[in-house]
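Numbering (the numbering used here), first residue to last: 3 to 95.
Glycine included, C-beta positions come from ideal geometry on N, C-alpha and C.
Just below is one structure, and these are the notes that go with it.
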């Protein structure tokens, strides 16, 4: 298992409950695939440096976790499929 850091930006069009639900679904996905959550930080609503998918703002979340390398591709696929996630970045620590 390796340590990862994941930053996601969620669409500002969602309600606060839906935004939390989106991040929690990602954390649950990590746990279901044998990962361990070290920390999850909500950075709140921030103005973007440039528009992403015609949005000028987004809700930022930073998730630190441990996961098997083979299963990380499933997580990246989940990020790409989810239209509510404007942008994601996954870094190996």
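Selected residue, minimal CA-CA separation from residue i, among the options
| i | options | result |
| --- | --- | --- |
| residue 36 | 62, 3, 88 | 3 |
| residue 11 | 34, 38, 32, 46 | 46 |
| residue 22 | 59, 72, 86, 94 | 86 |
| residue 76 | 31, 27, 44 | 31 |
Contacting residues, own chain, Cβ-Cβ under 8 Å from residue i (five flanking each side not counted)
| i | result |
| --- | --- |
| residue 1 | Coverage of the chain is limited to positions 3 through 95, which leaves residue 1 absent and any answer about it impossible. |
Alpha-carbon to alpha-carbon, residue j and residue i
| i | j | result |
| --- | --- | --- |
| residue 92 | residue 19 | 24 Å |
| residue 40 | residue 68 | 7 Å |
| residue 27 | residue 34 | 10 Å |
| residue 6 | residue 84 | 20 Å |
| residue 79 | residue 24 | 15 Å |
| residue 54 | residue 90 | 11 Å |
CB-CB length for residue i against residue j, believed under 8 Å
| i | j | result |
| --- | --- | --- |
| residue 8 | residue 29 | That pair is no contact at about 10 Å. |
Residues of its chain near residue i, where Cβ-Cβ distance is below 6 Å and the 5 sequence neighbours each way are ignored
| i | result |
| --- | --- |
| residue 48 | 62 |
Contact with chain D by residue i, beta-carbon distance below 8 Å
| i | result |
| --- | --- |
| residue 32 | Structure shown: chain D not included; a single protein chain is present. |
Sequence-distant residues of its chain with Cβ nearer than 7 Å to residue i (five each side left out)
| i | result |
| --- | --- |
| residue 70 | 3, 36 |
| residue 95 | 5, 6, 7 |
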